[in-house]
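Input: a single structure, listed below in structure tokens.
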Amino acid sequence: MAIRWREVRVFISSTFRDMQAERDYLVKVVFPRLRQRLEPHRIHFIDIDLRWGVTREQSDNDLALELCLQQIDECRPEAGDLRPFFIGMLGERYGYVPETVRTETLQRYDWIPDYPGHSITALEIIHGVLLNPPMHGQSFFYFRDPAFMADVPIPIRETILDAESVKAAEKQEALKQRVLDSDIPCMENYPCEYAGLRLNWRLLEAHLDEGRRAELEAFAADGVINTDEWDRVPAAMQRDMPKLVTVMLDGLEEFGRQVEDDLWQGIADQYPEILQEPAEAELDTPAVERDAHERFAESRLRIYVGRGDIHTRLCEYLDGDAREPLFLSGPSGSGKSAILARLAAEYPGARPEAFVLPHFIGATASSTSVPSMLRRLCRELQERFELSGEIPGNDTELAGTFRAFLGMAPETERIAIIIDALDQLDARDREMGLHWLPDEFPANIKLVVSCLDDPGGSALLEELTKRGHLRVQVEPLTDADCEAIIDRVPALSAKALDAEQRRMLLENPATRNPLYLQVALEELRGFGSFELLDDRIEQFRSAEDVEALFGQVLERVELDLGSALTEGLACLLAASRAGLSEAELTDMLTDTASAEDMQVVLQQLRPYLQRRGELIDFYHLALQRAIVGRYWAWAGDPSWHLCLADYFDTGHVGPRMLAELPWQLAEAGGWRRLYDLLADVEFFNALWDFDVFETKSYWSQVEANSKLEKVAAYRPVLEAPGGYDVWRIANLLNDTGHPDEALRLQEHLAARHGERGEEWHRAVALGRIADILQARGEFDAALRLRRGEELALYKRLGDARSRAITIGKIADILHIQGERDAALRIRREEELPVYEYLGDARERAMTIGKIADTLQARGELDAALRLRREQELPVYERVGDVRERAVTMSKIADILYTRGELDEALRIHREEQLPVFERLGDVRSHAVTMGKVADILYDRGELEEALRIRREEELPVYERLGDVEQRAVTMGAIADIFHSRGEAEEALRIYENDVVPVFERLGDVEQRAIAMGKIADTLHDCGRSDEALRIHREEEVPVYERLGALRLRAVTMGQIANILHARGELDEALRIRREEELPVYERLGDVRELVVGRVNLALCLLARDAAGNRNEAVSLLRQSLADATRLQLREAEQIAGTLRQIGEEP
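The number in this note's numbering is simply the position in the sequence shown, starting from 1, with 26 added.
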């Protein structure tokens, strides 16, 4: 059971104008520190500062005294658990003495007549403390040393600081003596120093003409008249200065420390537990995490009003039968977190039997990570319902476990899961999308999430919208909501706006945003001048949105605490990747200000920041945008990123350096520095272990934005690998299209591990060598290596899993070489039983998929389809592996495509693959799938759209990833389109320059052969038949025969038949069609190629013009037309035209 939140209230009593500096120091420095110290103990600290808590109307009606005394009453111990404290600050001024007191006030406070001629401040002290002995131990007084007044200009001193009269001075001394005689704790003669006068330009505009203002601006343009500048104020203006300025004081630190110590000890007397540090615990333990989320939710409800209609709709959803999630969307600051906090707090009251599980992203350091969030949700479900099963340590398996636990929860239990602020997830998790979020839940489980809906949109919002989940939009506040929020402020800090001030504030449409209104009220809460309050409210009019209002907050902090410190701290946070620690900020700002000064700025911005472990980051992105707009030269200004890069470039490779340094350099466009950093082998290896994906991404960015290349960076390693740990570099080079260099390093690793007797590591290196050889088409060498060395090592080590994986790769090679029966036998007899014995359902499903691949290649499409749908797909769905499910659906689509079911294949690609890869942030798989969509569009004759996809959605991805092989494949597909459009020369140029050389360098003999075949087709169309025939016969067919690529051989034989047909060698062309081309398509079930092949056979028969040939040709054409029309192939119209040409109706 969580400890409920408590409150302590502190009433501040003093005269106003002469104590402005002290009150500001307390409100802006001391009290924020106390709040920060108390919040871990669930104690709210509330200060009652009545500088403008008395409205104009109340003052005009002599209600000021009654309001002050009433506020003291509300802080009395009798008022529930409120624990009052009283701070009295006394200088030389006695303060305002009311001429009359209302009868009602005298009736309520019948002791007032005993103290005639007393000021309101004195009456506060008498009522709150001196006549109330229980308050003596909870009151603290502070008397200011008047020595500083000697430095204050006489007009200011006499009007603002000095006693109003001799009699007033006597009363003030008597009041001080009475306090001292009561034994109440008192700090006498606290020091301070005169620091100048702060001008209020708005008041100056009202009281001084333009010429006189110009005289002041000449030496006080910064808004401050320094101690040595008073003499420059014209004498005629000096008498007006007291009503236009505020006295500034320095040296209040000793006073502030004493107030903080007094209050802390006083609070500790009531709540001794604050003297102990909150219990240390792992942040991922359920109780501590649960407590943090409860605290976060409560903080969002302190000034929550209205939104009853949204709350009702959310409750109706939780009570209803809908199985899909519901998402709440709205602009930044619209109150989404507060709405969900209320739902989490109140729904259990309406449905006591329900289990409500809230997760507020940003509430803790770990809450922003999807794996940590899923782990927490799983633990909570497991603990609540005593679910069996392990929560995996492997992050990739968590989504499946989450789904499994949801399915295991008792159907009789109503469960409501609430996840707030998806847009606050870590950047990497946002890029990965919502793969972890099921599209549908059991009937008894409901999920509510919230997401930002700002101009420009977000990928997460777009994904939620595409999914078609239920949506509730957060609308702007109503007038009544705004009024209610303003009414809550006096309840928290005794500040009250009169009717006219409310009207002024709410005239601004931006106040319909809850964040805007609360920031404005927070600014007013800390504003100390009643006289200037209207002017401050008027200033809000110029802030049209939250971002602009945060600009005013920054301006105010600059004026209070210095522009250099404010700008430096704000810009460092804005440029950071995910926040900075206080220690890091202190280090970087050492030359600008002290650590204490930095703390003061942080405390001023604290309501708008969040802590993620040690890191301080923005909670509201509008503040970050305001900082960039205010201080940065332009949105992409690299200066602050470079500043952070310099700071983190320490030479000591640790988590913070790895997270920040390369990211900052990339953001700044410092490609040479990033190149040098990645070229450092020690740093590269640490970064690879820290995040493989990011390491590859950084190299991709370097090569895309400069002429620098990774191969050059690692040339010293390639030339002398003996002195380096190189396996990570080898993997990088192989993964990014540099197999020769990778092979050299892997061979070095295999030899070194062999010399050291490290058999397992040697086996791994040999396997990677075999992978490279296989990718280069050197299948016999790869097979020899796997059978002769790799397999034997794993067998000797007793590593059954690794041995099974190697056996599977041997089967891969046999499959490619056309030894399909042998491949099937190995899969079924040697690989599959190992995974079944190990209980590895996922690897078993992968092997089933490989068996289906072989069956598909043998033309056994129905059997392959059955395996995929019945034995492979269900496993991925059960374990929640959305990526492998999408890959399997792609294989199913390939079968359907081969069978001519283009519509269904296209639907699968677009609806069941692309959204998954988008959610996963798997840009490569997304590009591959777009390529398959382009294939179908190409076959349908939609050449322009196919070309657009290739150029805009496929090619740029491979270039960014450095995937030279897939780029070459895509360039070949682009060349195919040019060829089909009749632009043979351009097609030939692409094949010869951008395709064939790449596959030659990669050693990919199959892809090279395919590209050479395309060149031959183009040459044939250009009239160069002999060269085309040579390429087909010498550079294609032998390769496909060696690889066992039956379909590719059949396609090539068809191209040879085309050339022979054109040259009049009809008998040989017919033989090839009947014996070497069409039977292969029939056996493979390749309907599309059958259509084309039958048409070509019919044309050959018509060309022979022999008896019976016409009837067979017409029959073939009609059959082909029916299939082409059904498949929506672009050849359909051509076939119909051929029938018309020979006098037959289509």
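Ideal Cβ positions, reconstructed from N, Cα and C, are used throughout, including at glycine.
Quickly, what does DSSP pair residue i with across the bridge? List them, please.
| i | result |
| --- | --- |
| Cys-477 | Ser-355 |
| Thr-272 | Arg-224 |
| Cys-212 | Phe-167 |
| Gly-114 | Ser-39, Phe-167 |
| Glu-219 | Asp-276 |
| Ile-251 | Leu-223 |
| Lys-472 | Ala-442 |
Would you give the residue range spanned by the alpha helix (DSSP H) that residue i belongs to?
| i | result |
| --- | --- |
| Ala-1002 | The sequence shown places Asp at residue 1002, rather than the Ala named in the question. Here the alpha helix (DSSP H) through Asp-1002 covers 990-1006. |
| Gln-843 | First-last for Gln-843: undefined, no H or E at that position. |
| Arg-1027 | 1022-1028 |
| Leu-641 | That residue, Leu-641, is in no alpha helix (DSSP H); its beta strand (DSSP E) goes 641-644. |
| Glu-372 | 362-376 |
| Arg-1050 | Looking at the DSSP string, Arg-1050 is not in any alpha helix (DSSP H), and its letter there is neither H nor E. |
| Pro-535 | Taken as a continuous stretch (DSSP letters only), Pro-535 belongs to no alpha helix (DSSP H), as it is neither H nor E. |
| Gly-957 | 949-965 |
| Asp-717 | Careful: Asp-717 lies outside any alpha helix (DSSP H) and carries neither H nor E. |
Taking 8 Å as the cut-off, decide whether the C-beta atoms of residue i and residue j are in contact.
| i | j | result |
| --- | --- | --- |
| Leu-891 | Ile-874 | no |
| Gly-282 | Val-583 | no |
| Leu-1128 | Leu-1147 | no |
| Glu-496 | Glu-342 | Looking at the sequence provided, one finds Leu at residue 496 rather than Glu. The answer is no: Cβ separation not under 8 Å. |
| Met-115 | Tyr-168 | yes |
| Met-213 | Gln-284 | yes |
| Asp-879 | His-935 | no |
| Val-53 | Leu-289 | no |
| Ile-1057 | Met-1038 | yes |
| Leu-940 | Thr-955 | yes |
| Asp-675 | Leu-687 | yes |
| Gly-1232 | Glu-804 | An answer regarding residue 1232 cannot be provided, because it is not within the stretch 27 to 1172 covered by the chain. |
| Pro-176 | Glu-118 | Just to set this straight, residue 176 is Ala in the shown sequence, not Pro. Not a contact, by the Cβ cut-off of 8 Å. |
| Ala-648 | Val-579 | no |
| Pro-664 | Gly-695 | yes |
| Phe-428 | Leu-460 | no |
| Val-545 | Leu-587 | no |
| Ile-74 | Val-34 | no |
| Ala-1001 | Tyr-1017 | yes |
| Gly-763 | Glu-991 | yes |
| Leu-223 | Val-192 | no |
| Val-790 | His-774 | no |
Within the continuous beta strand (DSSP E) that includes residue i, where are the two ends?
| i | result |
| --- | --- |
| Phe-37 | 32-39 |
| Pro-384 | 381-386 |
| Val-499 | Note that residue 499 is Gln in the sequence shown, not Val. First-last of the beta strand (DSSP E) with Gln-499: 496-499. |
| Phe-467 | Per DSSP, Phe-467 belongs to no beta strand (DSSP E) and is neither H nor E. |
| Ile-441 | 441-446 |
| Ile-72 | 69-74 |
Rounded to whole angstroms, how far is the Cβ of residue i from the Cβ of residue j, which I believe are closer than 8 Å?
| i | j | result |
| --- | --- | --- |
| Leu-922 | Glu-930 | 5 Å |
| Leu-355 | Asp-446 | Just to set this straight, residue 355 is Ser in the shown sequence, not Leu. Not quite, the Cβ-Cβ distance comes to about 12 Å (not below 8 Å), so this is no contact. |
| Ala-604 | Asp-452 | 7 Å |
| Leu-744 | Glu-781 | So it is not a contact: roughly 20 Å between Cβ atoms. |
| Leu-225 | Ala-244 | With 8 Å as the limit, Leu-225 and Ala-244 do not qualify as a contact, their Cβ atoms being about 13 Å apart. |
| Leu-206 | His-153 | The Cβ separation is near 19 Å, so there is no contact. |
| Cys-477 | Phe-353 | 6 Å |
| Leu-366 | Ile-444 | 5 Å |
| Leu-704 | Ala-738 | Actually they are not in contact, since the Cβ atoms of Leu-704 and Ala-738 sit about 11 Å apart, beyond 8 Å. |
| Leu-531 | Phe-566 | 7 Å |
Inset, instruction - Kindly provide the ranges of any alpha helix (DSSP H) runs that are 4 or more residues long and lie completely inside the segment 792-831, ordered along the chain. - result: Segments of the alpha helix (DSSP H) lying fully in the segment 792-831: 805-811, 817-823.
Inset, instruction - Write down every uninterrupted run of the beta strand (DSSP E) in the segment 130-183 whose length is 3 residues or greater and which is fully enclosed by it, in chain order. - result: 165-170
Legend entry - 3 or more residues per run - each beta strand (DSSP E) lying fully within the segment 562-642: 635-638
Legend entry - Any alpha helix (DSSP H) of 4 or more consecutive residues that is wholly inside the segment 686-713: 697-705
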